[in-house]
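Going down the list, the sequences are from chains A and B. If you want the numbering used here, it's the position in the first sequence, counting the first as 1, plus 57. If you want the numbering used here, it's the position in the second sequence, counting the first as 1, plus 37. Where is the CB? At the ideal position from N, CA and C, for every residue including glycine. Read through the structure below, which is laid out as structure tokens, and then see the notes.
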Amino acid sequence: MKQLGAEPFSSAAAGSPMPPMAPRRGGAQTNPERWVDEHGDCLFRYALVRVRRREVAEDLVQDTLLAAIRSREKFAGQSSERSWLTGILKHKISDHFRKLGREMSFTDLDSLADEFSEKFVPEGYWVHVKGPKEWKPDPDEVLHRAEFWQTMRHCLDKLPERIANVFMLREMDEVESKEICSMLSISESNLWVMLHRARMALRECLEINWFNREK
Amino acid sequence: MEPKVEDSNPRPPDDTSAIQPNGWLGRMLVWIISGATPKCRDVVRILSEQMDHELPLLMRFRLRLHFSVCCWCERYMKQLHYIRETARRFPEHADEAGDPVLSPEARFRLKHVLNRQ
Chain A
58 MKQLGAEPFS SAAAGSPMPP MAPRRGGAQT NPERWVDEHG DCLFRYALVR
108 VRRREVAEDL VQDTLLAAIR SREKFAGQSS ERSWLTGILK HKISDHFRKL
158 GREMSFTDLD SLADEFSEKF VPEGYWVHVK GPKEWKPDPD EVLHRAEFWQ
208 TMRHCLDKLP ERIANVFMLR EMDEVESKEI CSMLSISESN LWVMLHRARM
258 ALRECLEINW FNREK
Chain B
38 MEPKVEDSNP RPPDDTSAIQ PNGWLGRMLV WIISGATPKC RDVVRILSEQ
88 MDHELPLLMR FRLRLHFSVC CWCERYMKQL HYIRETARRF PEHADEAGDP
138 VLSPEARFRL KHVLNRQ
């Protein structure tokens, strides 16, 4: 019985056409057309949240998939195919902003400057009744996950563009703050101001539209 | 001696701060700790900075002390971490975040370009 059970394994290793680096998808081939069908929308929507312009987002997806074709031998299947492709896209997005950072200023200290003054009393404490509420985890989290990601996207879309850019580089692409400063030619203290405003606004938006929403 | 700001800024029922301004001792403690630690408006800025670089030990201690009288700043800190964790998962879930999707033309063009490789 043991012999029989082991058979498919040994025959696959010996003579199957499956490439050795193929992803963990039941032996399916790495097929760029399938990437478009299975991951195209995900890559596109992520790119669109980042760059906010359809044609730029489409170009980034194309660059990502072309880079994936060139480097598919290196994909060892340790992560999922999606996170591998998303990782490539993140690099392409960084390159995109690095290029833009040489052409335009990314510093934005005007947006959201006084947006939250009504949250604090003149002495600097929270207006207690308007302070952060406890965020209770959603008991049906799995059921409502898509709704949560929609809320997140809606809140990200509402952030002023340059503030959103630095926030997502930091929190989604996990780029270190020093690296962001050199990429976009902004000072570290200005970056902190912008990140602070992004976090404050996003927190507020998630609280109102997700954690405090009418269920 | 007692802080006037407490009277004009009532605490809602969900206030879970460890030290409450109840009685003479409570009010004094809240007043002393509030005076010895940064104001909330500065705390939230410092908490955001903490997400990007490590703070000096003394500042970390002052923040802890501040949390003992201010559950709102403590919640704020936890929520910044929550936002970080979820934001990192967003890219791989972007297709669950609703419209728009790749247009049929863009999809066709992509496949065409990829097939030429």
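Counting only runs of 4+ residues fully inside the region 183 to 216 of chain A, write out the alpha helix (DSSP H) ranges in chain order. Whole alpha helix (DSSP H) segments, 4+ residues: 202 to 215.
Just to make sure I have the definition right: I need the residues of chain B whose C-beta is within less than 7 Å of the C-beta of residue 203(A). Which are they? As a position in the first sequence, residue 203(A) is number 146, starting the count at 1. Contact annotation for residue 203(A) against chain B: 133 [CB-CB distance below 7 Å, chain order].
Members of the region 140 to 154 of chain A that neighbour chain B once the beta carbon cut-off is set at 8 Å
Legend: CB atoms of the region 140 to 154 of chain A lying less than 8 Å from CB atoms of chain B belong to residues 140, 143, 146 and 147.
Residue from 226(A), 102(A), 124(A) and 178(A) whose Cα sits closest to the Cα of residue 151(B): Counting from 1 along the second sequence, the entry for residue 151(B) is found at position 114. Closest in alpha carbon position to residue 151(B), among 226(A), 102(A), 124(A) and 178(A), is 124(A).
Excluding sequence positions up to five away, which residues of its chain have a Cβ less than 8 Å from the Cβ of residue 193(A)? Position 136 of the first sequence holds residue 193(A). These residues qualify, in order along the chain: 268.
>> Considering only the alpha carbon of each residue, which of 204(A), 110(A) and 270(A) lies closest to residue 150(A)?
In response: Residue numbering aside, residue 150(A) sits at position 93 when the first sequence is read from its first letter. For the residues 204(A), 110(A) and 270(A), the minimum Cα distance to residue 150(A) belongs to 110(A).
Using 9 Å as the limit for Cβ to Cβ distance, is residue 91(B) near chain A? In the second sequence, the residue the question calls residue 91(B) occupies position 54. Closer than 9 Å to the CB of residue 91(B) there is not a single CB belonging to chain A.
- prompt: With 9 Å set as the bound, which would you pick, yes or no: does the beta-carbon of residue 143(B) sit closer than that to a beta-carbon of chain A?
  reply: Here residue 143(B) refers to the residue found at position 106 of the second sequence. Yes, because at least one Cβ of chain A sits closer than 9 Å to the Cβ of residue 143(B).
Straight-line CA distance for residue 210(A) to residue 94(A)? What you label residue 210(A) is simply residue 153 of the first sequence in a count that begins at 1. What you label residue 94(A) is simply residue 37 of the first sequence in a count that begins at 1. About 22 Å.
| What residues from the region 119 to 133 of chain B come within 8 Å of chain A, judged by C-beta to C-beta, listed N to C? | Answer in chain order: 119, 120, 121, 123, 124, 125, 127, 128, 129, 130, 131, 132 and 133.
Exercise. Beta carbon of residue 249(A), beta carbon of residue 82(B): below 9 Å?
Worked result: Within the first sequence, the letter at position 192 stands for residue 249(A). Within the second sequence, the letter at position 45 stands for residue 82(B). For residue 249(A) and residue 82(B), yes; Cβs fall inside 9 Å.
- prompt: Whose C-beta lies closer than 6 Å to the C-beta of residue 147(B) among residues of the same chain, with five residues either side of it excluded?
  reply: Walking along the second sequence from the start, residue 147(B) turns up at place 110. Listed in chain order, the non-local C-beta contacts of residue 147(B) below 6 Å within the same chain number zero, local neighbours out to five positions each way being set aside.
**Message:** Here's the rule I'm using: 16 or more other beta-carbon atoms within 10 Å means buried, otherwise exposed. How should residue 53(B) be labelled?
**Reply:** The residue given as residue 53(B) occupies position 16 in the second sequence. Answer is exposed; the Cβ neighbour count stays below 16.
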